[in-house]
Structures are given as C-alpha cells and as structure tokens.
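Numbering (the working numbering), first residue to last: 2 to 258.
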Amino acid sequence: MSQSIVSWNVNSIRVREEQVLEWMQTHEPAVLGLQETKMTNETFPAASFESLGYQLVINGQRTYNGVALLSRETPKDIVTDLPGYEDPQRRVLAATYGDLRVINLYVPNGQAVGSEKFAYKLEWLSHLTDWLKEETAQHDKLVVMGDFNIAPADADVHDPEAWRGKILFSEAEHEALGKILDLGLDDSFRLFDQEPEQFSWWDFRTRAFRRNRGLRIDLALTSYGLRDHITASWIDIDPRKAERPSDHAPVGVDLTL
DNA sequence: ATGGTAGCTGCGCTA
2 MSQSIVSWNV
12 NSIRVREEQV
22 LEWMQTHEPA
32 VLGLQETKMT
42 NETFPAASFE
52 SLGYQLVING
62 QRTYNGVALL
72 SRETPKDIVT
82 DLPGYEDPQR
92 RVLAATYGDL
102 RVINLYVPNG
112 QAVGSEKFAY
122 KLEWLSHLTD
132 WLKEETAQHD
142 KLVVMGDFNI
152 APADADVHDP
162 EAWRGKILFS
172 EAEHEALGKI
182 LDLGLDDSFR
192 LFDQEPEQFS
202 WWDFRTRAFR
212 RNRGLRIDLA
222 LTSYGLRDHI
232 TASWIDIDPR
242 KAERPSDHAP
252 VGVDLTL
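Structure (structure tokens):
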C-alpha cells in the first residue's frame, strides 16, 4: 500500500485551517509539509490536526514564512535550521519517519533578479546545498520537498519566453537547483509521463488560475534510493478552485515503503 | 512599463 508525502504552501494556516483539515481527511497523507504558515509555534492551531491523529513539528514565525510537518508516524532527528547559517526566517524543517527522511523547505522568493532579496535567495540555496550534501549521503530514502520558488524548465512555465531571466525562472536559480539535483536527487514529477501545462502556483494579482497561467515551483525531489518505491508524483489543483484558496496547490509523491 | 490580489497589520511589507 502506498503512502503520500505532500507539500503545500498554504499562505497562512489561520485562513486555510479548515481547507487543510478537509483535504487531509479526504487524502490521508502520511506526511504533510506546510509552508508560509505565518504563525508562531504558540498560536499554531495544533489541536485540530492532532485530533485527526497527526503529530506535529512546527517551525513558526509571526506574519511571514513558517513551516510545519504533520505526520502519522513519530518524527525523529528533527532539524529546524540550515546548519552554520544564521537566519531569523523560519524556512526549514526536517524529520525522519521510520527510514524515510523528509525535508520541508520554503525557499526565499527573491523578489527580483539582482535585488538584495535575490542575493539572499542564492546565498540561502548555497547553504542549503552544503547541508543537502550531508543529508543525501546519510539517507538512502530522502524526500526534499517544498516551495522552491524556482520553475525547473520550460515545461513548468505557462509562457517561458516571457519568464526567461525573470525571478523564479532565471539562469542563476536554475544553476542553484541543478547543483541540488546533482547531489543525487530526481525532480520526481518528471520521473513519470505527465499531462502538459501542470502548474503548482498561479499569481493572485493577474487572476492567473482562470487561464492556467501558472508555474510549477513546488517540487518534491526524491533520492535515487526511492526510485523503486515511487508509484506517482502529482499536483492536486482542486484546492486551488476553492473559495479563498491559497495561491499554491498541494504537490506530492506516493511511495511504497 | 505598470498594476493587478491576498494576508498580516494597522499602512507598508511580502509574495
């Protein structure tokens, strides 16, 4: 029987609590990583998720960022920061479930190519890569998932020519993602034949969802040791159709462990 | 080239 490991940028868990609970009851993920929870650990609505039988690890922050891992199994070897990198922004959460290592990330957006925030994004990704070098060496079965704020290739962008060189689709970002994949990770979505024009994020501002003018920036990277265990890699756009949705859809992998 | 919407906060910042 297969288990889903899922990533979802919820853009405020306060607003999305009911939607996430409902989705979890329907899909029963083994692990659900959330990004942009935007709440402190103290204010996070943990009890309602615990009442569904999930265990929580939270790395929260007021107003911005914030990540969480919800799971059926007990989390072990929890990591909440990129080792050796001082950063007040809460963007990292890793835990081990049985022999599966799961890393949940909210990669900096970067705002605009060449900006200060862009420099931070690249610096953050460089430190992430150093850490993932250790994690890939230590864990045969590893999922690195989250809002990467990088669309890997032309097929992941509704209008590649318009986006080329822009934030989320620049050369420097592709180089950084390439170094991560070179550590021994697959973009699991591309391990399978997929329908074209599948995206995970659509800009609120341009009402992009109505015309499916999206980007696939939410990724589940999987170690080579998981290749024989993955049965699917998917994006569920149904929650994006809801009233007051997040701007991101959940993405996930199904594993037989 | 710009602005559009959403969330948190308290009006500007971030995405």
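Note that the Cβ used here is the ideal one computed from N, Cα and C, for glycine as well.
Could you check how far apart the C-beta atoms of residue i and residue j are, in whole angstroms? I think they sit under 8 Å.
i    : j    : result
E43  : S13  : Contact flag wrong, Cβ pair sits at about 16 Å.
T137 : L184 : 5 Å
A233 : V254 : 7 Å
D219 : F149 : 7 Å
S189 : N105 : Contact doesn't hold; Cβ gap of about 15 Å is too wide.
L258 : I231 : Not confirmed; about 10 Å, so no contact.
S247 : R17  : 6 Å
Q259 : A243 : With the chain covering only 2 through 258, there is no way to say anything about residue 259.
A47  : L70  : Contact flag wrong, Cβ pair sits at about 12 Å.
Q56  : T75  : 6 Å
S5   : H28  : 6 Å
P153 : L178 : 6 Å
Are the beta-carbon atoms of residue i and residue j separated by less than 9 Å?
i    : j    : result
L143 : T223 : yes
S201 : R214 : no
L126 : V103 : no
V32  : R73  : yes
I151 : L94  : no
W132 : L83  : yes
G147 : N10  : yes
D141 : D100 : yes
G85  : H128 : yes
K266 : Q62  : The first residue shown for the chain is 2 and the last is 258, placing residue 266 beyond what the model contains.
Would you give the residue range spanned by the beta strand (DSSP E) that residue i belongs to?
i    : result
V108 : It is not in any beta strand (DSSP E) - V108 carries neither H nor E in the DSSP assignment.
I231 : 231–236
M146 : 143–148
L10  : Looking at the sequence itself, residue 10 is Asn, so the reference to Leu does not match. Its beta strand (DSSP E) spans residues 4–10.
Quick one: grab the DSSP three-state call for residue i.
i    : result
A114 : Just to set this straight, residue 114 is Val in the shown sequence, not Ala. V114: coil per DSSP, three-state reduction.
H249 : strand
R17  : helix
T257 : coil
G226 : helix
R241 : helix
A212 : It is worth fixing the name first, because residue 212 is Arg in this sequence and not Ala. R212 falls in the helix class under three-state DSSP.
D100 : coil
Review point. In chain order, which beta strand (DSSP E) runs of at least 3 residues are fully inside the segment 151–207?
Key: Runs of the beta strand (DSSP E) inside the segment 151–207: 186–188.
Check your understanding: For the segment 20–94, which segments carrying the beta strand (DSSP E) assignment without a break, of at least 3 residues, lie completely within its bounds, in sequence order?
Key -> If we require 3 residues or more, the beta strand (DSSP E) runs fully inside the segment 20–94 come out as 32–36, 56–60, 68–72, 77–80.
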